[in-house]
Amino acid sequence: MIRILFGIFVTLHGLVHLLYFGQSTRRFELQPGMVWPDGSWVFSRFLGTEAVRNLGGILLILSAIGLVAGGIGIRWGRAGGGTLPLDQQYFRRSRSFCSGMA
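If you're matching positions, the sequence shown starts at 68 in the numbering used here and goes up one per residue.
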C-alpha cells in the first residue's frame, strides 16, 4: 500500500513540474505577477532572460519525464535497482585495493 501511495505521489510531483514549465515558457501564469525564472540570481548574470527560460523549460520537462516514469515504475514494482551483489568477497577486494594505494 505504501508503495502505491509513494508511486502516486512521485507521479503527481512530476506533473507539477509541467505546471512550472508552462509558467517558465509564458504559456500561462500560475499567479498574477509571478515572473519566474526572470531575474534568477544564478543564471541571469551569465545568460539572457530568454536563455534562462529555455534552460528552465528543458530541465523541467526532463525532470517531469523522469519523475512520472519513476512514479509509474514504483507503482508497478518495476523501479529497477534490485539488490546489489555485495558480499564479503567484494569488501575484501575493495579493502585490499585501497590498502595498496596508501
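The C-beta atom is built at its ideal place from N, Cα and C for all residues, glycine as well.
* To do: Might you give, ordered along the chain, the residues of its own chain that have their beta carbon closer than 7 Å to the beta carbon of residue 71, omitting 5 neighbours on each side?
  => 142
Check: Short check: CB of residue 78 to CB of residue 135, under 7 Å?
Finding: yes
Checklist entry - What's the gap between the Cα of residue 68 and the Cα of residue 80? => result 18 Å
Using alpha carbons as the reference points, say which of 103, 116, 111 lies closest to residue 86. 103
Straight-line gap, residue 88 to residue 140 (C-alpha atoms, nearest Å): Each residue's Cα considered, the two are about 23 Å apart.
- Measuring CB to CB, does residue 122 end up less than 7 Å from residue 84? no
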